[in-house]
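Asks:
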Amino acid sequence: MSGYNFDLPSKATPEVITERERLADEACRALVRAGIPAYRGNLDEDSGGRPGAHVRVDPLADGGVLVDWNTQGELAAAAVDLLERGVDPSHLPREIRHFETVQTCMRDAVLGILASAGFQVEKADAHSHGNAVQVKAFTH
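In terms of the numbering used here, the sequence shown is residues 345 to 484.
Here you go:
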């Protein structure tokens, strides 16, 4: 097996992870103070179907703090069920359009709330993180 060379992404240093954890805690508190249901989690763990803003730390060197919006399971399941059965992308069913609209609206709300609270935020890379918000920094 020594003939295989994989370029695995490097992990952030423990100091960087500690700073990201602090930033994630602050972002989660800011969302809760604004009335948004928010909770902390790890990047590699599922939200367990828990709705709200899932605030997590990406441990990779080029990672950061990410906030994903999770809907109630019923809404997500309806969209996934339709996608698994196959749909015409030019005529998406209402359930899928509604799910996508909720995701976009909540991402934009999280962006606005965190920016107003003093965080530097931006839309995360959609290819890697879907509709997530990336939290860059907090200016006290």
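Glycine included, every Cβ here is placed at the ideal spot set by N, Cα and C.
Given the structure is predicted, the values throughout are model-derived calculations rather than measurements.
1) For a test of the three-state rule: what should DSSP assign to glutamine 416, helix, strand or coil?
2) Quick check: the Cα distance between alanine 368 and valine 411, rounded to an integer number of angstroms?
3) Determine the burial state of glutamate 370: buried for a count of at least 16 other Cβ atoms within 10 Å of its Cβ, exposed for fewer.
4) Exposed or buried, which one is glycine 430 when buried takes at least 16 other CB atoms within 10 Å?
5) Return helix, strand or coil for methionine 345, following the three-state DSSP convention.
Replies: Taking the geometry as given:
1) coil
2) 9 Å
3) buried
4) exposed
5) Reliability fails at methionine 345, whose pLDDT of 49 lies under 50, so the model's placement of it is uncertain and the value that follows must be treated cautiously. DSSP places methionine 345 in coil when its eight states are reduced to three.
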